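Undergrad: My questions will all concern the structure given below.
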Amino acid sequence: DAKTTQPPSMDCAEGRAANLPCNHSTISGNEYVYWYRQIHSQGPQYIIHGLKNNETNEMASLIITEDRKSSTLILPHATLRDTAVYYCIVRVGGGNNDMRFGAGTRLTVKP
Amino acid sequence: DAEITQSPRHKITETGRQVTLACHQTWNHNNMFWYRQDLGHGLRLIHYSYGVHDTNKGEVSDGYSVSRSNTEDLPLTLESAASSQTSVYFCASSPSLVTDTQYFGPGTRLTVL
């Protein structure tokens, strides 16, 4: 599975959009981009995933660049409850089921 | 609502004792996983199962075992607990190999003294 690079930490003002970047320059054509988050002491929570098209659900939007070498998770209106560590994971869908969590980005939403 | 639960949520045990952590899901998912999370290491896969009677070793399987006798449960056993196994343990499940988004339980904090 391709390796990902994320900034270790980011801050965001409450009510503003949080844009979390992820670089995955070695991604293969059959690898998906997954995003999870982990709020302190809780189990990781699935947010969204995509292959090459942009995706949106009730939690967030995922923007994947045309060359697929990077992506951005967007939380449109961040709240204090969105403070968490966000993980970007690249892996083959439907095959190896190992979710390789790296260090992630610690997002702090401030009032 | 369907869910995934883990028990106990907290456990303190002594070195050398056998410990079993329970994981139960009501989604009828085929795939189940056990991870451990330690500071500085993120989540690491211990064992996983693709269905009843199927078990596979993950990245850090030494000292752990699992068995899958039904779809809903994947208990994790530490045969002889060691202090190095002090960690937070997460169980996860996913529907199938095609729709394989994993959903995680709340975790079990295990301390081995």
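Read top to bottom, the protein sequences are chains B and S.
The opening position of the first sequence corresponds to residue 73 in the working numbering, with each subsequent residue numbered one higher.
The opening position of the second sequence corresponds to residue 19 in the working numbering, with each subsequent residue numbered one higher.
Virtual Cβ for every residue (Gly too), placed ideally from N, Cα, C.
It should be emphasised that the depicted structure is a prediction, and the values quoted were computed from it without experimental measurement.
Determine whether the Cβ of S:Q120 lies closer than 8 Å to any Cβ atom of chain B.
TA: Cβ-Cβ to chain B under 8 Å: yes for S:Q120.
Undergrad: Residues of chain B with CB closer than 9 Å to the CB of S:G125, please, in chain order.
TA: Within chain B, the residues near S:G125 are S113, Q114, G115.
Undergrad: Does any residue of chain C have a CB that is nearer than 8 Å to the CB of S:L61?
TA: Here chain C cannot be found, since the structure's protein chains are B and S.
Undergrad: Buried or exposed for B:A85, please, with buried defined as at least 16 other CB atoms from any protein chain shown within 10 angstroms of its CB.
TA: It counts as exposed.
Undergrad: Secondary structure at B:D154, three-state DSSP: helix, strand or coil?
TA: Three-state DSSP puts B:D154 in a helix.
Undergrad: Taking only three categories from DSSP, how would you classify S:Q24?
TA: Three-state result, S:Q24: strand.
Undergrad: Can you give me, in chain order, the residues of the stretch 120-140 of chain B that have a beta carbon less than 8 Å from any beta carbon in chain S?
TA: The stretch 120-140 of chain B vs chain S, Cβ under 8 Å: H121.
Undergrad: For S:T73, which beta-bridge partners are listed by DSSP?
TA: According to DSSP, S:T73 bridges with nothing at all.
Undergrad: Ordered along the chain, which non-local residues of its own chain (more than five positions away) have a Cβ less than 6 Å from that of S:G60?
TA: Cβ within range, chain order: n/a, list empty.
Undergrad: Report all residues from its chain with a CB closer than 6 Å to the CB of S:V84; omit the five preceding and five following residues, and keep chain order.
TA: Hits under 6 Å: H65, T73, L92, L94.
Undergrad: From S:S102 to S:D56, what distance separates their C-alpha atoms?
TA: Looking at the two C-alpha atoms, the distance is approximately 10 Å.
Undergrad: Give the interface partners of B:Y118 over in chain S, defined as CB-CB distance under 9 Å, in chain order.
TA: Neighbours of B:Y118 on chain S, chain order: T119, Q120, Y121, F122.
Undergrad: Is there a Cβ from chain S that is less than 8 Å from the Cβ of B:G174?
TA: Output row for B:G174: interface = yes.
Undergrad: Taking the beta carbon of B:G87 as the centre, do at least 16 other beta carbons fall within 10 Å, making it buried, or is it exposed?
TA: By the 10 Å Cβ count, B:G87 comes out exposed.
Undergrad: Look at the Cβ atom of S:L131, then the Cβ atom of S:S105, and state whether they are nearer than 8 Å.
TA: Cβ distance not < 8 Å, so S:L131 and S:S105 don't count as in contact.
Undergrad: Going by other Cβ atoms of all chains shown within 10 Å of its Cβ, with 16 needed for buried, is B:H112 buried or exposed?
TA: Burial call: exposed.
Undergrad: Pull up the DSSP beta-bridge partners for B:M82, would you.
TA: Note: B:M82 sits in a beta bridge opposite B:L179.
Undergrad: Taking the alpha-carbon positions, what's the S:R54 to S:S112 distance?
TA: Their Cα atoms are separated by approximately 17 Å.
Undergrad: Thinking C-alpha only, which one of B:A90, B:I99, B:Q117, B:T151 is nearest S:S109?
TA: Before going on, a small fix: residue 109 of chain S reads as Cys here, not Ser. Residue B:Q117 is the option with its Cα nearest to S:C109.
Undergrad: Determine, using beta-carbon pairs with one atom in the stretch 152-160 of chain B and one in the stretch 98-109 of chain B, whether at least three such pairs fall under 8 Å.
TA: The stretch 152-160 of chain B vs the stretch 98-109 of chain B: in contact.
Undergrad: Within 10 angstroms of its Cβ, does S:H138 collect 16 or more other Cβ (buried), or is it exposed?
TA: The question about residue 138 of chain S has no answer here: the residues shown for chain S are numbered 19 through 131.
Undergrad: Between B:M82 and chain S, is any beta-carbon pair separated by less than 8 Å?
TA: Output row for B:M82: interface = no.
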